[in-house]
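J.: In my numbering, the protein residues as written are 36 to 512. Would you mind keeping the following structure in view while I ask a few things?
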């Protein structure tokens, strides 16, 4: 589960000149931060290495004793057509380049060429290869519904929801990727817990650092993330490393990314694209090996339309996008979370709770929970703190939720329905008919529990019972 080396699957370099292999390996390590490299100076052993290992990329010389580069390339294309090969040759011959490209090489470089284009091409190939491997993993884990390899990473995320289980398998499939992850979800759904799960799966041996960027200006953003040199600005009396340096090969959560200042968005985009950054006051680039996780509860599409969020940054972040469903869309989790929080709160507060009133679960399921899991936890802790002993009652939750006004406004009257439950109904029902429909709806939502339904309607259980009896009598039952 560790993300120590990049890329996860090594790069194989094949060349009979060992000195060239070593110097090229150093260039990859220090110029491109690629430190998972395997060297092969005997072309006869190359195919055996490829048989026994899974590589991200092959860098191949053409002119070698025993097996030529063309022979090795042909064999790779025959047996491993998805494995990209870049030719690194000492020959600057157009025909050789054309022949290699026809055989299936991804690109052709002369060893004396500048290293910048080679490094850029290698990075591009590794990104494509990473996405290809992730797609294979996704097909296996999601569509074949494989069991989680590391369920312990998700232990904090209590759920029975099939949607959440699919989300867990997706997270597992992309955990080894170095691409950024974009978490989208309402406040309180558990974005920090998902972040911790991602970090635990991918880079548990390194630090997870968090930076809330809401309301942060460009200078503070750069100083916090990149650090600064001594004398970079007034008051910078000594050099200070930023969060990227602190994280090392770990993970960085940029929370509330939807509120990031526009000029800071430009710097973040460059960092994610090139992997390099400049501490304030420095003209020497530094390189990041951290995994970036960005989170927001904002409507990013609306922000893009209003020119408040860069479209290109959104596309860069959305390689791996995770949308966490709100609690109201996974009512099957209410009972599990309720019991978990009651046990947790009772332990922390020294309270004795022997059970939960059976009508409490359907009552909570009927509520919209705009604050999601965080709101439910707050309710439970408040109820347990005021609880004396015995079975946990519904009264504190009714008081917290606010009775019928919140329930009806949040769960029945929605913007999509124009702010009224009667829009589009012609003719209007009579007062008696409307009352009967409201009672029927409350009983349906409450699972025929009269106590819960009465709480939703803002009347006593006795009053509801009387109304139901009258309704039965009028229907001749």
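Glycine included, every Cβ here is placed at the ideal spot set by N, Cα and C. Predicted, not measured: the structure shown is a model, and the values here were computed from it.
Among 91, 226, 190, which has the Cα closest to the Cα of residue 159?
T.: Ranking the options by Cα distance to residue 159, first place goes to 91.
J.: Can we say the segment 186-194 touches the segment 228-238, given the rule of at least three CB pairs closer than 8 Å?
T.: In short, these stretches touch, since the Cβ pair count reaches three.
J.: In angstroms, rounded to a whole number, what distance separates the CA positions of residue 450 and residue 472?
T.: Residue confidence is low: residue 450 scores 43 on pLDDT, short of 50, so the model does not pin down where it sits. No coordinate-derived value is stated.
J.: Which same chain residues, not among the five before or five after residue 100, have their C-beta less than 7 Å away from its C-beta?
T.: The residues are 51.
J.: Start and end of the beta strand (DSSP E) containing residue 122?
T.: Unbroken beta strand (DSSP E) run through residue 122: 120-124.
J.: Return yes when the Cβ of residue 285 is within less than 9 Å of the Cβ of residue 259, no when it is not.
T.: Cβ atoms of residue 259 and residue 285: not closer than 9 Å.
J.: Please report the straight-line C-alpha distance between residue 46 and residue 72, rounded to a whole angstrom.
T.: Roughly 5 Å separates the two Cα atoms.
J.: Which same chain residues, not among the five before or five after residue 409, have their C-beta less than 6 Å away from its C-beta?
T.: 223.
J.: Secondary structure at residue 57, three-state DSSP: helix, strand or coil?
T.: Helix.
J.: In angstroms, rounded to a whole number, what distance separates the CA positions of residue 497 and residue 483?
T.: Distance between the alpha carbons of residue 497 and residue 483 is about 15 Å.
J.: Report yes or no: do the segment 352-362 and the segment 398-408 share at least 3 C-beta pairs separated by less than 8 Å?
T.: Verdict: yes, contact present.
J.: Quick one: grab the DSSP three-state call for residue 152.
T.: Correct three-state label for residue 152: helix.
J.: Once DSSP output is grouped into helix, strand and coil, what is the label at residue 334?
T.: Here residue 334 sits in coil by DSSP.
J.: Counting only runs that start and end within the segment 269-340, where is the alpha helix (DSSP H) found for 4 or more residues in a row?
T.: List check, alpha helix (DSSP H) in window: 278-282, 297-309, 335-340.
J.: The beta strand (DSSP E) that contains residue 494, what's its start and end?
T.: It is not in any beta strand (DSSP E) - residue 494 carries neither H nor E in the DSSP assignment.
J.: Taking 8 Å as the threshold, find out whether the segment 203-217 comes into contact with the segment 388-401 through three or more Cβ pairs.
T.: Contact fails: fewer than three Cβ-Cβ distances are below 8 Å.
J.: Using DSSP with H/G/I as helix, E/B as strand and the rest coil, what is residue 73?
T.: Note: residue 73 maps to strand in three-state DSSP.
J.: I need the boundaries of the beta strand (DSSP E) containing residue 216, first residue and last residue.
T.: Taken as a continuous stretch (DSSP letters only), the beta strand (DSSP E) holding residue 216 covers 216-219.
J.: Thinking C-alpha only, which one of 436, 390, 394, 468 is nearest residue 422?
T.: Residue 422 has its Cα closest to that of 390, out of 436, 390, 394, 468.
J.: Using a Cβ-Cβ cut-off of 7 Å (strictly less than) and excluding sequence neighbours within five positions of residue 56, which residues of its own chain qualify?
T.: So the list reads 48, 50, 74, 76, once near-sequence residues are dropped.
J.: Are there 16 or more other CB atoms within 10 angstroms of the CB of residue 263, so buried, or fewer, so exposed?
T.: Counting Cβ neighbours within 10 Å, residue 263 comes out buried, since at least 16 surround it.
J.: CA-CA distance, residue 322 and residue 368?
T.: Straight-line Cα distance between these residues: approximately 42 Å.
J.: Roughly how many angstroms lie between the CA atoms of residue 307 and residue 111, to the nearest whole one?
T.: C-alpha separation (whole angstroms): 32 Å.
J.: Could you check the C-alpha separation between residue 301 and residue 227 for me, to the nearest Å?
T.: The alpha-carbon atoms of residue 301 and residue 227 are separated by roughly 25 Å.
J.: Kindly indicate the opening and closing residues of the beta strand (DSSP E) around residue 246.
T.: Here the beta strand (DSSP E) through residue 246 covers 243-247.
J.: Could you work out which residue in 313, 305, 316, 293 is closest to residue 340 when comparing CA atoms only?
T.: Among 313, 305, 316, 293, the Cα nearest to that of residue 340 is on 293.
J.: Can you give the beta carbon distance from residue 183 to residue 198, rounded, assuming they're within the 8 Å contact cut?
T.: Between residue 198 and residue 183 the Cβ distance is about 15 Å, and since that is not below 8 Å, they are no contact.
J.: Alpha carbon to alpha carbon, how far is residue 464 from residue 329?
T.: So the two alpha carbons sit approximately 49 Å from each other.
J.: How big is the Cα-Cα spacing for residue 352 and residue 290?
T.: Rounded to whole angstroms, residue 352 to residue 290 spans 13 Å at the Cα level.
J.: Residue 61: buried (16+ other C-beta within 10 angstroms of its C-beta) or exposed?
T.: Exposed, since its Cβ has fewer than 16 Cβ neighbours within 10 Å.
J.: Per DSSP, what kind of secondary structure is residue 422 in: helix, strand or coil?
T.: Coil, per DSSP.
J.: Provide the residue span of the alpha helix (DSSP H) that contains residue 379, from first to last.
T.: Per DSSP, residue 379 belongs to the alpha helix (DSSP H) from 369-384.
J.: Between residue 238 and residue 430, what straight-line distance do the alpha-carbon atoms span, to the nearest angstrom?
T.: Between residue 238 and residue 430, the C-alpha separation is close to 45 Å.
J.: So, using beta-carbon positions, are residue 428 and residue 392 closer together than 9 Å?
T.: Going by C-beta atoms, residue 428 is nearer than 9 Å to residue 392.
J.: Which residues does DSSP list as the beta-bridge partners of residue 143?
T.: BP columns for residue 143 point to 122.
J.: Between the alpha carbons of residue 244 and residue 140, how many angstroms are there, rounded?
T.: If you take the alpha carbons of residue 244 and residue 140, they lie about 41 Å apart.
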